[in-house]
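> Residue numbers (the numbering used here): 23 to 207.
Note that beta-carbon positions come from the ideal geometry of N, C-alpha and C, so glycine has one too.
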């Protein structure tokens with residue numbers, strides 16, 4: 023789910039050009055405010071989430087052999103973050119019409135949603151929406167004080183307690199109690 027976002031269709035020069043332009047336009051301010059590490063974490067979570075949404079949609083609609091490449095899901099996540107962090111900043115829609123960032127993000131999300139119903143499109147709009155969804159969830163949990171690192175620490179503690187319980191059950195089952203001699207080797 024991580025490596026697909028670093029590949030692009032060789033024929034899609036304009037697609038990669040606009041992805042990188044959007045990453046520069048919207049990502050630079052976010053990276054400056056959040057720092058490189060948090061921005062990179064966010065970017066990779068959005069990209070991985072977009073890939074997972076795309077794989078899930080392909081499995082659900084009966085086309086498990088379809089593959090996807092590109093960073094568009096992560097870019098849409100960056101776009102969502104920009105709209106949430108800087109909602110009143112002016113963005114030029116189609117490089118012509120000035121519009122506030124929050125409305126720009128809403129329009130782009132709506133276009134991706136409506137385009138997702140077109141089965142013949144080579145663009146994975148489900149991945150775009152997945153990037154926005156995972157970006158929103160990531161930001162939502164960051165605001166509440168939760169972090170991916172906090173979740174991993176909680177998981178490690180839970181797993182350690184579970185393994186400890188299994189070990190104690192094993193020791194009781196084989197007649198070797200910890201209470202008898204005070205320690206277990």
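Helix, strand or coil: how does DSSP classify residue 139 here?
Three-state DSSP puts residue 139 in coil, outside helix and strand.
> Compute the distance between the beta-carbons of residue 51 and residue 104, then report whether it is under 9 Å.
Yes, Cβ-Cβ distance for residue 51 and residue 104 is below 9 Å.
> Answer with buried or exposed for residue 48, where buried requires no fewer than 16 other C-beta atoms within 10 angstroms of its C-beta.
Buried, by the Cβ-count rule.
> Ignoring anything shorter than 3 residues or poking outside the segment 93-120, list the beta strand (DSSP E) runs there in chain order.
If we require 3 residues or more, the beta strand (DSSP E) runs fully inside the segment 93-120 come out as 112-115.
> Can you tell me where the alpha helix (DSSP H) with residue 51 in it begins and where it stops?
Residue 51 -> alpha helix (DSSP H) spans 35-56.
> Would you list the one or two residues that DSSP bridges to residue 27?
The partner list for residue 27 (beta bridge, DSSP) is empty, contrary to what the question assumes.
> Less than 8 Å between the CB atoms is what I'm expecting for residue 72 and residue 152, so what's the real figure, rounded?
Residue 72 to residue 152, Cβ: 4 Å. Contact.
> Check whether the segment 76-95 and the segment 28-42 are in contact - that is, three or more C-beta pairs closer than 8 Å.
Yes: at least three Cβ pairs fall under 8 Å.
> Could you tell me how far apart the beta carbons of residue 102 and residue 66 are, in whole angstroms, since I believe they sit closer than 8 Å?
Wrong, their Cβ atoms sit about 15 Å apart, outside the cutoff.
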